[in-house]
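Visitor:
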Amino acid sequence: CPALLAERTQTVFGVGPIDAELCVVGEAPGHNEDKLGEPFVGEAGQLLNKMLAACGIERSKVFICNILRCRPPANRQPQADEAASCNPFLVETLRLVRPKFLCLMGATATRYLLDQPTGIGVLRKRDLAWRGIPVQATYHPADLLRYPDKKRDAWEDLQRMLSRMGRTPPAHS
Ligand code: URA
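Be aware that the sequence shown starts at 42, since it is given in my numbering, and climbs by one per residue.
(1) Given Pro43, which residues of its chain have a CB within under 7 Å of its CB, disregarding the five upstream and five downstream residues?
(2) Report yes if the C-beta distance between Ala69 and Leu109 is below 8 Å; otherwise report no.
(3) Hey, quick one: how far does the alpha helix (DSSP H) through Cys42 stretch, first residue to last?
(4) Since Pro210 contacts Gly97 with CB under 8 Å, what's their CB separation in whole angstroms?
(5) Is the beta carbon of Lys91 closer than 8 Å to that of Pro58?
(6) Would you grab the beta carbon distance between Leu63 and Pro140 for me? Rounded to a whole angstrom, and I think it's under 8 Å.
(7) Could you check if Pro114 belongs to the surroundings of ligand 1, using beta carbon to heavy atom distance under 7 Å?
(8) Following a CB-centred definition, is Ala148 positioned closer than 7 Å to any heavy atom of ligand 1?
(9) Quick one: what's Ile98 bridged to in DSSP?
Given below as structure tokens:
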């Protein structure tokens, strides 16, 4: 993707155990991810860590990746052709990790991985799947930082995900 290559610092691959039970898919690297070469290490990443901790899940046990591996200029949204170019890398990653559950963070991840134009507000309530792997869609942590009122809905989504995974959240959350 020439527009991405011109400005990104490095390719940001997924991170996590190769046999992770849960895989989180975000949108694209931002400023911090582009500098450090790891997904979800900025402010949204800190919130993602807290969301996982509230679920009783350690970040280090989760495979974390994005629709795009290169930071879009000025953090603009990934374009359809960029998502399509990066898709084979994501598909191969998921084929290798073979997670038991996928959590899609935000409208972009949901739209491009599931090829679904329906909004996240509707899809988050559905029992979705990608190639046989159960999927929970929820709001992107960056969205939750901007609109904290949505945190309650995101927590409902995570509880749905945990119940579909056969887990219960820790008592204190
Ligand atoms: N937002 C994302 O969608 N992915 C990242 O890696 C960081 C922020």
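Note that CB positions come from ideal geometry on N, CA and C, so glycine has one too.
Guide: Judging by the given coordinates:
(1) none
(2) With contacts defined as CB atoms closer than 8 Å, Ala69 and Leu109 qualify as a contacting pair.
(3) Counting along the chain, Cys42 falls outside any alpha helix (DSSP H), and DSSP gives it neither H nor E.
(4) 6 Å
(5) no
(6) Going by Cβ atoms, the distance from Leu63 to Pro140 rounds to 6 Å, so yes, they are a contact pair.
(7) no
(8) No - ligand 1 has no heavy atom lying nearer than 7 Å to the Cβ of Ala148.
(9) Paired residue(s): none; Ile98 is not in a bridge.
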